[in-house]
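Novice: Residue numbers (the UniProt record's numbering), protein chains in the order written: chain A, 1 to 113; chain B, 1 to 170; chain C, 1 to 945; chain D, 1 to 507; chain E, 1 to 89; chain F, 1 to 120.
Beta carbons: idealized from backbone N, C-alpha and C, even for Gly.
Source: prediction; values computed, not measured.
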Ligand code: NA
Ligand code: NA
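1) Taking only three categories from DSSP, how would you classify residue 717 of chain C?
2) Would you list the residues sitting across from residue 125 of chain B in a DSSP beta bridge?
3) Say whether chain A places a C-beta atom closer than 7 Å to the C-beta of residue 194 of chain D.
4) Work out the CA separation of residue 864 of chain C and residue 595 of chain C for me, nearest whole Å.
5) Compare the C-alpha of residue 462 of chain D against each of D/208, D/164 and D/340 and name the closest.
6) Is any beta-carbon of chain E found at less than 7 Å from that of residue 4 of chain F?
7) Which same chain residues, not among the five before or five after residue 56 of chain D, have their C-beta less than 7 Å away from its C-beta?
8) When burial is assigned at 16 or more other CB atoms within 10 Å of the CB, is residue 69 of chain A buried or exposed?
9) Using a Cβ-Cβ cut-off of less than 7 Å, give me the residues of the region 296–316 of chain D that come near chain C, in sequence order.
10) Using 10 angstroms around the beta-carbon of residue 70 of chain C, count the other beta-carbons present and answer buried if the total reaches 16, otherwise exposed.
11) To be precise: take each residue of the region 9–43 of chain E, compare its Cβ to all Cβ atoms of chain F, and keep it if any distance is under 7 Å. Which residues remain?
12) Are any of the Cβ atoms in chain F nearer than 7 Å to that of residue 126 of chain B?
13) Taking buried to mean at least 16 other C-beta atoms within 10 Å of its own C-beta, is residue 54 of chain A buried or exposed?
14) If the cut is a Cβ gap below 8 Å, which residues of chain B does residue 801 of chain C touch?
15) Which residue wins for smallest C-alpha separation from residue 19 of chain D, given the options D/107, D/47, D/43 and D/397?
16) Strictly below 8 Å CB to CB, what residues from chain F border residue 79 of chain B?
17) Which bits of chain F does residue 63 of chain E rub up against, with CB to CB less than 7 Å?
18) Closer than 6 Å by C-beta to residue 170 of chain B: which residues in its own chain qualify, once you throw out the five before and the five after it? Chain order, please.
19) Under 8 Å: do the region 109–126 of chain D and the region 735–754 of chain C share three or more Cβ pairs, one atom per stretch?
20) Could you check which residue in C/132, C/903 and C/603 has the C-alpha nearest to that of residue 189 of chain C?
21) For a contact defined as C-beta to C-beta under 9 Å, what are the partners of residue 123 of chain D on chain C?
22) Using DSSP with H/G/I as helix, E/B as strand and the rest coil, what is residue 881 of chain C?
23) Tell me the residue span of the beta strand (DSSP E) that contains residue 61 of chain D.
24) Please state the DSSP three-state secondary structure of residue 36 of chain C.
25) Report the option in D/167, D/93, D/41 and D/33 whose CA atom is closest to the CA atom of residue 455 of chain D.
26) When burial is assigned at 16 or more other CB atoms within 10 Å of the CB, is residue 522 of chain C buried or exposed?
27) Where residue 946 of chain C and residue 318 of chain C are concerned, what is the direct C-alpha to C-alpha distance, given to the nearest angstrom?
28) Starting from residue 499 of chain C and walking both ways along the alpha helix (DSSP H), at which residues does that stretch end?
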């Protein structure tokens, strides 16, 4: 399973990074989200893989490390706030710059009429 | 949630009862504490959200309603088997169709119930509701006779719903 | 303290003129003179003890840690220079009173001059090399302002900048040199440095030190090849030129040479560098001075030449040469300052400085002419004038240098040659200006004598030239003696200044120079033509073009590096991460740690495949944004399933809720964005990005694998043990969130609230074109709120609210909590927005979401502060079990209040973001007709929607 | 129980909340609240500085959970100084802002206080993940502040800034999680102890985490090749924001200092001082790039922004030298550059307003309304930032140069610092002479600068003189600070020996 | 026996999920994709319930419940987008 | 847990699983969108229904205490699934997606059984 988890995180990272390197805001935000998934999984597995163990007292046989889970929760919330912010910023940029390129380069409207 | 002026203390008794049941179900318990808490919530939530629910819902014939519920559940079971066979079977045999079902029901809520009932049961999905013209557009997966199907739906589902919810105000 | 007062007194004088100027320019001048006059008095008062060989010290600690202290000394050298600085400064103040026109601010000039005076005094009185540099740099800065005094003139601005650049650079070199000296000596104190002279000279870094210190001195004293700034500094007002560029600032360089003489001189390096630099400067200045048509230009090059002479003398290193150098410093200051002032008067009266136009001034201003001629003769080195004495000494010393063996004849030869030029340009100055027929096209005509007091400073200086020239032993001797003592210490030679040394070689050299100079002047036309052909280059243009070039290069470089492309920046950031990880992991041999690897379960494999397909699909379909969004949702769904699989129900709940809220958010935004991402990346870019993405992925994969196959010690046992007993909850994750690490959560909800505030601000006044049709041109459906959806959504609302209460309440002991409950509430409310619309909702829900969000943080904060009242730190939780009849046992925990804060913040923030984004369409506008392709955000029309 | 240490976090937060809950109140009231709060914070910061000046390290266990299990705030000389520098900076930014430079004021004041909360929290926290959280608080605030006032330039640079930092945050999380996965702790003191026991076999992974952190902090600090976000962002921000942003790079610098002295410093066992070989060349390259940018800048505020990059390079070089003396010099330089650069940004705003449509382009423009006053201030500020005596920049530079160790490093550091000095002299004299001297014969139709705003700038510049002439006390403090940094045991022992107050977590 | 039935059930649901994903990828229409995603949500609920039995734990109940709520809202939002572009109006 | 109980649970589980699979199969293989719409909305709800009943029995039998809260999931799904189907169907209707040729009564006229690829 460890290999599988590593592969999953690797693929998520790669896909996220590729999208981060695009020139338009929307794909970049998708890329950020994918990267966030990878990161969250990574934080999560920093407590190692413990199927069957729980983080609730009195449930299950053993206890898995609860701390990474708490960290992931914090990270999820923060990245949600950031995603929302950057998405609205992208809209603002679209309004101010006239297009959705991150560099505000394209002068001519790119939407089909 | 907005101003409390002019609010009913128990705006939706039926809903409240339903919610109390739901609370106990959700907590998987009938402990007294949860009765108290559930009662509190079943009152408070409808009370504070009453502005979101304009018309109150009156259940005229509870027994008929229960019978209708069981009928629908039975139909769902049958429908699923039928649809399952249709899906697994040869695709070319299917004869899909769109049906316009003219409505006798008047209230949003009952129409919605009808539409959902249709969607949940044999090979039919409500894809549109035209309130002004008063019809439902339903897609059937395998309809041999459109008129018969429409009549069946009206008789089997619309009629009971009308009796249950819309008798008092025809 | 006297010394400190001497330095600070001009500072007082710097401020006074600002207040007195309104009462008249004369009073302004007087007030400006008060400070220097007092300083002069103090100096004169200290003179006797200095003449007796005493050195006056003052020490005030400033920054002992770095060796920078207010450590001052007044020795003969300092006294001589300080007197020059203050004395000539006073004359310049008087002179400037009449020189400056009414529209120029006198107080500003005085302030700057005195600031400069202060700095110069600081240089000559410093007993600490670093302190000396402090003042040194101040002179550079202030001279920049003085040269640029007439800032409206291009020449003034460029001249100022050039001077600052050159002297500033020199100052930096000097600083480096000083720091190197300090490394050897361990102190910047001059006494310590002199004491360690042998150590310094023996140190391997001595050559570097020497070069650095000399660079400082040479740039300041306009030595070849750094001389070019000085002629261009002549665009300064003449009082400034007289003061800075003849008497003081340029002398700072030679002062430094004299000051550091005990520590650095006496080596071959010193001899060769200093002597030959001086010689080159001497010749270069003298030669060029002859050909300048600008009066001040001639004087400037002459100054360069004389500074070269002094430098050369200091380079010789012999004791008498040092004495001669000091002597010449004094002499040059007097005659050159008076010449500059005279030139200023002529300029002032004629309106030009072009010697081709200025002729026959003898007729118009005989008094000035007489004075100027005497000074010019002093400059030429004519007997009975001070310049003659020091020049004789120079010739004599030049003859005595034998260290070059058979090539030593070069010194007297070059000295004589320079003398020839010196005489020639002096003669030119006298003849061209005061005789040579009638003036041509003067801007002001006829010129006449200046105001009486304007000429007084010149008179005083010329009188000094004569006095020193005739009676050296009654005037300058004690100063010279004391100064020489300061430089040479016990090695001070016995010497005798006399007008007549007999008919010796130096005298012959003088005669040759004089005769040769006159002859050269008479034969000047050929030389002038030659010079015009060969040497017409303007250093200012060269300097300016160098600066322009370096600015261009810097711009090309910066524009190239910083091309404003986020794609590049992003690639660099990710690339940096990849590089460091690759670097770190490179030595790793064994990626798998000691923990065993568990088998792959089929269902997990299936989930992984779905996730990978989802992720890859998102990338492959990313041009179709909506489809990509859908595929990304799959990834989110599977991630939450993975969380479930590995015993993290809280994470799963949060993930799935956030996922949906995010999707709603992205769809809301997507409406205003293009539906398709154009294909803009070339193959090269795509290849690069794939490579980078792959590298990042591999890096992450390796790290993940290596990490999770290694054992680690955790704190988890503590949390398990204390969750119930200390935190009052069975859900350890939740207890960590609201208790053990509640502070993180506290920060996290602050982030959420601030994001909401920021988004609110960004949405304020945002107008976007409103798409009337979807990506393929279909008009939107006419029905905004399908009734079936609306009805069902309303039914769901109370149910969902109940679910959120349920999740909130059990959060402390089972999966759930304020955050998830908040999201469920938000989603239920958002569903109402979607189903029934903003208008409908606004009638029913009048919350100010921003306030709600902030109130949540406030609740959490106040809960935390509450623990203070029990004497515990912020966020200390408490809980107790209460038994009520019928209801039974239930738990009250302060963490619950904190969690309420979380809940409220989440609802407020989420609702603010989504609801306000939803309202965006109402404030946006219809798109322009298809003809106008360029979108301008200035034209804003309100849409009907 | 002394709660003063958490005041720099709570006070701004509560102020921000108060401001937001009171939207709609008159601007005057809002400004008063904001300004009074910052004065109170100044008092707190001063008290903390005084308390840290002694040898005690104060530990505050949030939630009364003893380290390493709970989160702690730690007040040592470094954190106290950083908080103090920040609050002083904020004081002047707000002073400038309340003089009419905060419109639309609605969000500026509140978010600025949120930023303060984040920055102070980041400086005070002794927990790596909590550091991340406060980073996010300050980042989200900075995003909002940067966009304050709107406009295409701000939006564009803001978009770059935000997106890069979002990726930076992801990297931070990866690094923090990796460190947790290796050491099993997030408390920095505890982590320092665990890292010290790293075996050679484990070192590569630990290195990866540490270097990843360097990337993250390098991004915040604007180290080459991660400095791209800075110039445009600073240049386009509104004046009080740009001034306030001068602390942003220092957060990166602070984090580098903290992590690479405490955790990965001399005591880091197999991973000791691993950042040094990276920091050294990169710092000098940063210096070079910054200088080139300052020379190349076509706009005044962009030029100042590049000077910020120069200062970053300078500080990083000091950190890379990694000696007590160098760290002391770095801290001195940090105080200086933070205050002076922000004063310069405020001053630039006043200057730019008097140039009408020419704005801050370094070309001939209308003459200024107050050429002498502003010219003098600009001259002093420029001299300070270049490192001309007797201002603080010179002292900082000399201290740093004295701290250079090996011959090779001495050469490069001195060369780069002096060359940077030379080029910035050229660059600033060029821009200054163009703006103040090469003017048209007209004055733009603008008001004179607000006296209060001007006074804020003057006072702030005076701080440079205070730093210089009162430098002895400052250097004494930074020396003691550096000594504390170089003896991380003091820190780790103070933190790990901290006990919870008994009695609250009852059975 | 039950454990193996649970395993088989999980596998079958997994296959169903893969089928959904296939439809999601190939489309061809956006409505198909939305429908496929919605079905994935529902199948995930089924998976969670079975997994709860596999783990003999009731902890997964909330997850399933939440997916039901969230999946619905997601589907509605996505469909509304196709209908009106503006999902909140 | 008795064998009989296990058998009952297994039956419900397998039944539910089969329905879920069939629903997804329908989504995968039916010819036009409107036909595909029938698969998941019905079959999967019953699929979940089967699991829910199985689960109720499982936990009730396992812990000797009535465990009904899984019913809530089914309830939610039964409320929401038809609305989901409706709204997706409405979107398809709006887009006038092509229908299988045999479809009767197509409101916008029927132009063939081939799906056009819908880029958006
Ligand atoms: Na002439
Ligand atoms: Na909307």
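Specialist: Looking at the atomic coordinates:
1) helix
2) B/139
3) no
4) 41 Å
5) D/340
6) no
7) none
8) buried
9) 296
10) buried
11) 9, 12, 13, 15, 16, 19, 20, 22, 23, 27, 28, 29, 30, 31, 32, 34, 35, 36, 38, 39, 42 and 43
12) yes
13) buried
14) 45 and 49
15) D/107
16) 42
17) Residues of chain F passing the Cβ test: none, with the nearest at roughly 10 Å.
18) Per-residue confidence for residue 170 of chain B stands at a pLDDT of 41, beneath the threshold of 50, marking its modelled position as unreliable; no derived number is given.
19) yes
20) C/132
21) Within 9 Å Cβ-Cβ: nothing; residue 123 of chain D doesn't reach chain C, min ~14 Å.
22) strand
23) 58–61
24) helix
25) D/93
26) exposed
27) What the structure shows of chain C is the stretch from 1 to 945, and residue 946 of chain C is not part of that stretch, so it cannot be assessed.
28) Run containing residue 499 of chain C: none; DSSP gives neither H nor E here.
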